[in-house]
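In the working numbering, the protein residues as written are 131 to 664.
Don't be surprised by glycine CBs; every beta carbon is placed ideally from N, CA and C.
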């Protein structure tokens, strides 16, 4: 039996795996073929995308999706492709830098900026225009149906009904307009104190929505929970700072419009104090550096609950700005508190439950004087990720108080499609399949555990949820592997004399689901009185 426990990762695999569509359609070994393979792989579904685990239950399903896209939707971009992941990362930085640059290039307080900053801003505008084309070429994820839609007409309809206005309005080339109007004098400060620049500042609010949308890239699925919440807090910081920058920009635009309309500058306003630093009695030799510090202070001061202190005479727009800043700060503080609560609940409470159950179980093993081998396997079981969910279901008071209909709905959402794809159940009535889903059993096998033994009656249907199982013949020869979504033993559900002809060994820590023929018989006895079996 020693050869059965050899790891899949430490011996030469004897099974020829199913080939990817790019390996079969792109033939050759030259650099041109490799470049073509790399280019097409960038736009197809990525095997390494962690978000795909909720939509494709196995590597085989991902290969089928790549095959379908390459043959039928070759001109489309998969939302879980390598290119789309890179593009989301790029556009997040583009929108953030664009907001910061336009803040300094559109105000008359900074009149000695190098001209290349304006050209760099124009380059960002071009990238934002390209993003509109990329969005039109990308499919979308239907979260309700748990599938990815790549059809051109459906994607275009979805985009036009939900995103067209915001995406189109955000493509207005603000830096290009500055260069077209002022040319080489774009860094002239006093030239930008007009209604045209104020209108551009107001229209930049559409790019704030794009910042919030693109920052969702930071909250994509990851392996470690602490990394997930770190990026969630980073998203709050980024969107919060950019929102305040946008708020200050719009506030300054309305202030300038009021000054232009009244033809005078109100000395009570905070805007007048910044003008004094630039042009008035507080002017210094290097005013831009002081103004940059003032801009940073205004941004950070909002999150400390923006206030004007004990001033008795305040400009009316400053009063409105203080109220709006207070609302903005409160929203982001509340968002941070909710994220902190979710982090503490997911880490501390779940970890305490796991530690208590692990300690109690190990104490029970020691009191029963069981072998060290069993104690090590029990300890290893509690370190599995799937164990945490089992502990939460058994110990969490909130989960135990949920109505049974909610728990059943969650179970059907997870296993319904998995059961219906099995040919044995494909023609059964939907009501019976729903009952099958509710009686499904979950089991965990550690590495090198024996799942089935050859020449022994099968225990029932087994479906691989996670992990890798190795299949050996009764003569100890490796004949195959089972991965996520694969199943075997379905005939043992309807007969007592079905024998397993192979050994099945867990190569890695695996989680399986399935039925025994006893539970299936019980189901049919309860529903119709029909009993399967010999």
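| field | Exposure of residue 436, with buried meaning 16 or more beta-carbon neighbours within 10 Å | value | Confidence at residue 436 is low in this model, with a pLDDT of 48, below 50, so the placement of that residue should be treated as unreliable; the coordinate-derived value is given next. Burial call: buried.
| task | Spatial neighbours of residue 532 within its chain, please: CB distance less than 7 angstroms, with the 5 preceding and 5 following residues excluded, ordered by chain position. | result | Shown here for residue 532: not one same chain residue has a beta carbon closer than 7 angstroms to its own, the five before and five after excluded.
| message | Helix, strand or coil, according to DSSP, for residue 583 in the structure here? | response | Note: residue 583 maps to coil in three-state DSSP.
| In the DSSP assignment, what residue or residues form a beta bridge with residue 272? | For residue 272, which the question treats as bridged, DSSP gives the partners 277.
| Which residue comes first and which comes last in the alpha helix (DSSP H) that contains residue 619? | Unbroken run through residue 619: none, as it is neither H nor E.
| said: Quick check: what's the CA-CA separation for residue 630 versus residue 465? | reply: Between residue 630 and residue 465, the C-alpha separation is close to 55 angstroms.
| task | With DSSP collapsed to three states, give me the class of residue 589. | result | Under the three-state reduction of DSSP, residue 589 is assigned to coil, being neither helix nor strand.
| task | Please state if the CB of residue 340 and the CB of residue 670 are separated by a distance shorter than 9 angstroms. | result | Since the first residue of the chain shown is 131 and the last is 664, residue 670 is not available in this structure.
| query | Going by C-alpha distance, which of 519, 509, 290, 570 is nearest residue 476? | reply | It is 519 whose Cα lies nearest to the Cα of residue 476.
| request: Report the residue from 606, 242, 178, 365 whose alpha carbon sits nearest the alpha carbon of residue 633. | output: With distances taken between Cα atoms, residue 633 lies closest to 606.
| Pairing CB atoms from the region 594-602 with CB atoms from the region 636-643, are three or more of them under 8 angstroms? | Between the region 594-602 and the region 636-643, the count of Cβ pairs shorter than 8 angstroms is three or higher; the stretches touch.
| Distance, residue 593 Cα to residue 620 Cα | In a straight line, the C-alpha of residue 620 is about 9 angstroms away from that of residue 593.
| field | Which of helix, strand or coil DSSP assigns to residue 596 | value | DSSP places residue 596 in strand when its eight states are reduced to three.
| From what residue to what residue does the alpha helix (DSSP H) around residue 575 run? | Annotation: residue 575 is outside any alpha helix (DSSP H); the continuous beta strand (DSSP E) that includes it extends over 571-575.
| query | If you run the structure through DSSP and keep just helix, strand and coil, what is residue 492? | reply | For residue 492, the secondary structure class from DSSP, reduced to helix, strand or coil, is helix.
| said: I'd like to know whether the C-beta of residue 582 is nearer than 9 angstroms to at least one C-beta of chain B. | reply: In the displayed structure, chain B is absent; only one protein chain is listed.
| task | Please classify residue 260: does DSSP put it in a helix, a strand, or coil? | result | Assigned with DSSP and collapsed to three states, residue 260 falls in helix.
| request: Report the residue from 500, 299, 273, 485 whose alpha carbon sits nearest the alpha carbon of residue 514. | output: Minimum Cα distance to residue 514 is reached at 485.
| query | Is it true that the region 368-380 meets the region 250-269, where meeting means three or more beta-carbon pairs spaced less than 8 angstroms apart? | reply | With a cut-off of 8 angstroms, the region 250-269 and the region 368-380 do not count as touching, because too few Cβ pairs lie within range.
| said: Please state the DSSP three-state secondary structure of residue 100. | reply: Nothing about residue 100 can be read from this structure; the chain reaches only from 131 to 664.
| query | Per DSSP, what kind of secondary structure is residue 601 in: helix, strand or coil? | reply | Reduced to three states, the DSSP call for residue 601 is strand.
| request: Ignore the nearest five residues each way along the sequence and tell me which others in residue 473's own chain have a CB closer than 6 angstroms to its CB. | output: Within the same chain, and ignoring the five residues on either side of residue 473 in sequence, the residues whose Cβ sits closer than 6 angstroms to its Cβ are 359.
| task | Would you decide whether residue 521 is buried or exposed? Buried here means 16 or more other CB atoms lie within 10 Å of its CB. | result | So residue 521 ends up on the buried side.
| field | Delimiting residues of the beta strand (DSSP E) encompassing residue 665 | value | Residue 665 cannot be examined here, being either before or after the span of the chain that is shown, 131 to 664.
| Cα separation between residue 193 and residue 209? | Each residue's Cα considered, the two are about 16 angstroms apart.
| said: Among the candidates 517, 172, 365, whose CA atom is the shortest distance from the CA of residue 214? | reply: Cα-wise, what sits closest to residue 214 is 172.
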